[in-house]
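Read through the structure below, which is laid out as structure tokens, and then see the notes.
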Amino acid sequence: MQQAAQGLAKGAAVVFRGLRQVYGTTVALEEFSLEVGAGEFLTLLGPSGSGKTTALNALAGFIEMTSGHIAIDGVPISALPTEKRNIGMVFQNYSLFPHLDVLDNIAFPLRMRGVPRRAARERAQAALDLVRLPEYGRRMPHQLSGGQKQRVAFARAIVFEPRVLLMDEPLGALDLKLREAMQLEIKQFQRQIGCTVIYVTHDQGEALTLSDRIVVMDKGRVLQVGTPKEIYDRPHTRFVAEFIGVNNLLPVAGGAAGEAVLEGVGAVAAAVPAGARWAALRPEVLRAAPGEGPIAATITDVIFLGDVVRYAARCDRGATLVFSQRREPGGSAHAIGARVAFPIDPADIVFLAE
Amino acid sequence: MTRFLLGVYFAIAVAFLVMPLVLLVPISLTDSQFLEFPPRQISLRWYREFFVDESWVGATLLSFKVGIGATAVALVVGTLASVAIVRGSFPGRRLIHALLVAPLIIPTVILALALFIVFLRWKLVDNVPALIFAHAVVALPYVVLIVSSALRSFDTTLERAARVLGASPVRAFFAVTLPYLGPSMFASSLLAFFASFDELIITLFVSGGLQTLPVRIWTDLMLRLDPTVAAAATMLIVVSVIGMAIAEYFRQRNVRRYGG
Chain A
3 MQQAAQGLAK
13 GAAVVFRGLR
23 QVYGTTVALE
33 EFSLEVGAGE
43 FLTLLGPSGS
53 GKTTALNALA
63 GFIEMTSGHI
73 AIDGVPISAL
83 PTEKRNIGMV
93 FQNYSLFPHL
103 DVLDNIAFPL
113 RMRGVPRRAA
123 RERAQAALDL
133 VRLPEYGRRM
143 PHQLSGGQKQ
153 RVAFARAIVF
163 EPRVLLMDEP
173 LGALDLKLRE
183 AMQLEIKQFQ
193 RQIGCTVIYV
203 THDQGEALTL
213 SDRIVVMDKG
223 RVLQVGTPKE
233 IYDRPHTRFV
243 AEFIGVNNLL
253 PVAGGAAGEA
263 VLEGVGAVAA
273 AVPAGARWAA
283 LRPEVLRAAP
293 GEGPIAATIT
303 DVIFLGDVVR
313 YAARCDRGAT
323 LVFSQRREPG
333 GSAHAIGARV
343 AFPIDPADIV
353 FLAE
Chain B
205 MTRFLLGVYF
215 AIAVAFLVMP
225 LVLLVPISLT
235 DSQFLEFPPR
245 QISLRWYREF
255 FVDESWVGAT
265 LLSFKVGIGA
275 TAVALVVGTL
285 ASVAIVRGSF
295 PGRRLIHALL
305 VAPLIIPTVI
315 LALALFIVFL
325 RWKLVDNVPA
335 LIFAHAVVAL
345 PYVVLIVSSA
355 LRSFDTTLER
365 AARVLGASPV
375 RAFFAVTLPY
385 LGPSMFASSL
395 LAFFASFDEL
405 IITLFVSGGL
415 QTLPVRIWTD
425 LMLRLDPTVA
435 AAATMLIVVS
445 VIGMAIAEYF
455 RQRNVRRYGG
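Chains A and B, in that order, are what the protein sequence lines are.
So in our numbering, spot 204 of the first sequence is number 206, and the numbers just go up one at a time.
So in our numbering, spot 237 of the second sequence is number 441, and the numbers just go up one at a time.
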């Protein structure tokens, strides 16, 4: 019934409940609970050692959890061996089978499911067409470029129409330009197929670009779950604020009622929530006007980034603020040593408790 | 100057290693009754002699039979042992590894004596299957050394990939791991085969009346020395060179595919 209600969605819902993984004395994953919607593109984002890969490996069945359980569409899978979970997976180093040609690589999961060789190769060819490498079936993996290997790995992971697809840093080994192109392709492929994707990365830009929702993790714990916009605009903790994008983080000193004193910057007319210890300010919301003001600073660094210019400015009270401005035709830029004033809008400040 | 001296040193070293083998070829082509160099007249007489003499042919066939048998035993046992040693996590793995490699280090005479005593006790002297197992002991270290080192450098995420794509552990091993080990298994089986094929000491101790090719050459040297020995040796060299060339081809193909 529930599946019928999901209509055309081909993805499966995945539920993690209280996952815990301990290696000796180190806790790799703690109280990991998460509900992934059918057809959702969810990213586990965090630095190495954050537990994101551990969660993925638990879902794939590569490791046995210390405690907790996982269900796909309500069916518990913790007792199932890896091969019975029917999950597609793309690995960081592609893990194509070097002794099989491209078509046999893609046909492999079908052959393992008892599909006769000819039918398997026909379906593999269709998957190869989907990733736009129709002519490459006879090549051996070592004859492919990184981007091509990545697409073949993707085709192999989806050819048997799994309802859940795991991707473990799939673009980690590619150079920047190719990575950006592949991000768009992955997003397109996923829309075409409609399966649920759980994506692991340490690259926050990738997470923001691809995801419906992001799970930010650190040291085995989930810090925040939300849409890319929520995570970017309203981080809950200092770690999230610093890990995603660039942020000015300033300690908050107590001020008079209705006034926040940002250490090293000055007083801003803003109500400080109880327990707030940090104020986060995005570089792109900071406006700087040439001249003097209550919060004045001297430009110390100018970084040219192409479409935007990023400035570092040292406030008279000691803190360094980073702000960026779009380049506009005829617009004037600030030079090093120039004086600027910040009219800080209280609405742009995100107060953080920890 | 240093380069030149090193070149001379290299030439001398290679000559020392290769010269005896190269000399065998003309000696085997002599028409004379004796081992002589250089041969005064060229003939294939001793090659014909080799194939006409039933004792030579029989010894060669027995050597192939024992060699192939010992290789098969060593390959299966050695590969399975390597999997256990590399992948397992039971106590005593290192000890087992050391035991399996030991025949390479223990003086052959001692091994031969030990086998001889055991064979006497269990009445296994003059028995082809028993000889095969005796040779397998000598051949085993090559398989264990080469296959276990290949297995250590194998990227196990390939097996994980096979598993998640639907292969059971055993199927993943046969579908992914075994093809990777193929060239190593081939190379080690060549070494294992030749370890058995030219094994003399153990065979002398335990074979009783059985005559393998090295035993046949040995007895020939004791009784009457004629160029048939040289002919047999030349043919052996050709066979081993072909075998090594095939092994090298498969090794290089693996390097290309798996990236070194």
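We put the beta carbon where it would ideally sit given N, CA and C, even for glycine.
The model shown is predicted, which means the values in this text are computed figures rather than measured ones.
Mind checking S213(A): buried by the 16 CB within 10 Å criterion, or exposed? With 16 or more other Cβ atoms within 10 Å, it is buried.
Which of helix, strand or coil DSSP assigns to Q145(A): Here DSSP, grouped into helix, strand and coil, assigns Q145(A) to helix.
Nearest CA to the CA of A399(B): which residue from E363(B), Y384(B) and F268(B)? Comparing Cα positions, the closest option is F268(B).
Partners in chain B for E85(A), counting only beta-carbon separations shorter than 9 Å: Neighbours of E85(A) on chain B, chain order: A366, R367, V368, L369, G370, A371, S372, P373, R375 and A376.
Between the region 340 to 358 of chain B and the region 433 to 450 of chain B, can you find at least three pairs of beta-carbon atoms closer than 8 Å? The region 433 to 450 of chain B vs the region 340 to 358 of chain B: no contact.
Whose Cβ in chain B lies nearer than 8 Å to the Cβ of R140(A)? Neighbours of R140(A) across chain B, judged by C-beta separation under 8 Å, do not exist; the nearest C-beta is about 15 Å away.
To the nearest angstrom, how far is the alpha carbon of L210(A) from that of I216(A)? Linking L210(A) to I216(A) through their CA atoms gives a straight-line distance of about 8 Å.
What is the C-beta distance between L47(A) and Q206(A), in whole angstroms, given that I count them as a contact (C-beta under 8 Å)? L47(A) to Q206(A), Cβ: 6 Å. Contact.
Where do the N-terminal and C-terminal ends of the alpha helix (DSSP H) with V313(B) fall, by residue? Its alpha helix (DSSP H) spans residues T312 to R325.
T438(B) - containing alpha helix (DSSP H), residue span: Bounds of the alpha helix (DSSP H) holding T438(B) are T432 to Y462.
Contact set between S97(A) and chain B, taken where Cβ atoms lie within less than 7 Å: Per Cβ cutoff of 7 Å: T361, L362 and A365.
Chain-ordered neighbours of F463(B) on chain A, where CB pairs are closer than 9 Å: It is worth fixing the name first, because residue 463(B) is Gly in this sequence and not Phe. Below the 9 Å Cβ cutoff, chain A contributes P100 and H144 as neighbours of G463(B), in chain order.
Sequence-distant residues of the same chain with beta carbon closer than 6 Å to F34(A), five excluded per side: Shown here for F34(A): same chain residues with a beta carbon closer than 6 Å to its own, the five before and five after excluded, namely F18, L21 and A57 in chain order.
Name the chain A residues that come within less than 8 Å of P333(B), Cβ to Cβ? In chain order: nothing, as chain A lies at least about 35 Å away.
Buried or exposed, going by whether 16 or more other CB atoms sit within 10 Å of the CB of G41(A)? With 16 or more Cβ atoms within 10 Å of its Cβ, G41(A) is classed as buried.
Exposed unless 16 or more other CB atoms sit within 10 angstroms - verdict on L210(B): In this structure L210(B) is exposed. Its beta-carbon is surrounded by fewer than 16 other beta-carbon atoms within 10 angstroms.
Between the region 64 to 74 of chain A and the region 228 to 238 of chain A, do three or more beta carbon pairs fall short of 8 Å? The region 64 to 74 of chain A, when compared against the region 228 to 238 of chain A, does not touch it at the 8 Å Cβ threshold.
May I ask you to verify whether the region 364 to 373 of chain B touches the region 102 to 121 of chain A, counting CB pairs closer than 8 Å and requiring at least 3? With a cut-off of 8 Å, the region 102 to 121 of chain A and the region 364 to 373 of chain B count as touching, because enough Cβ pairs lie within range.
Would you list the residues sitting across from E37(A) in a DSSP beta bridge? DSSP lists V17(A) as the beta-bridge partner residues of E37(A).
Could you give the C-beta distance for A271(A) and F325(A), rounded to a whole number, given that I count them as a contact under 8 Å? About 20 Å separates the two Cβ atoms, so there is no contact after all.
Buried or exposed, going by whether 16 or more other CB atoms sit within 10 Å of the CB of P418(B)? Counting Cβ neighbours within 10 Å, P418(B) comes out buried, since at least 16 surround it.
Which same chain residues end up closer than 7 Å to S444(B) when comparing Cβ atoms and leaving out the 5 residues on each side of it in sequence? F398, listed in sequence order.
Going along chain B in order, which residues have a C-beta closer than 9 Å to the C-beta of R158(A)? By Cβ distance, chain B contributes A365 and L369.
Segments assigned alpha helix (DSSP H), at least 4 residues, entirely inside the region 160 to 229 of chain A: Runs found: 178 to 195 and 206 to 212.
Shorter than 8 Å from the beta carbon of I89(A) to some beta carbon of chain B? With 8 Å as the cut-off, I89(A) counts as an interface residue toward chain B.
Checking contacts by CB at 8 Å: is F93(A) closer than that to chain B? By this cut-off, F93(A) is an interface position.
Chain A contact residues for P431(B), given Cβ-Cβ distances below 9 Å: The premise fails here: P431(B) is roughly 46 Å from chain A at the closest Cβ pair, so nothing lies under 9 Å.
Of the residues L228(B), Q456(B), G413(B) and G292(B), the one placed nearest Y384(B), counting alpha carbons only: It is Q456(B).
Could you compute how far the alpha carbon of A14(A) sits from the alpha carbon of I89(A)? Taken atom to atom, the span from the alpha-carbon of A14(A) to that of I89(A) is near 10 Å.
Using a C-beta cutoff of 8 Å, does M169(A) count as contacting chain B? Not one chain B Cβ lies under 8 Å of M169(A).
Suppose you measure from the CA of H339(B) to the CA of T416(B); what does that come to, to the nearest Å? For H339(B) and T416(B), the distance between alpha carbons rounds to 12 Å.
Anyone know if the C-beta pair for P224(B) and P243(B) falls short of 8 Å? Not in contact: P224(B) and P243(B) (Cβ atoms no closer than 8 Å).
Are L319(B) and V410(B) closer than 8 Å when you measure CB to CB? Their beta carbons are under 8 Å apart, which means L319(B) touches V410(B) by this criterion.
Would you say the beta carbon of I246(A) is closer than 7 Å to some non-hydrogen atom of the ligand FMN? As for the ligand FMN, it is missing from this structure, which has no ligand bound.
Cα separation between P348(A) and E261(A)? One C-alpha to the other measures close to 10 Å.
Would you identify the three-state DSSP class for T27(A), choosing helix, strand or coil? Correct three-state label for T27(A): coil.
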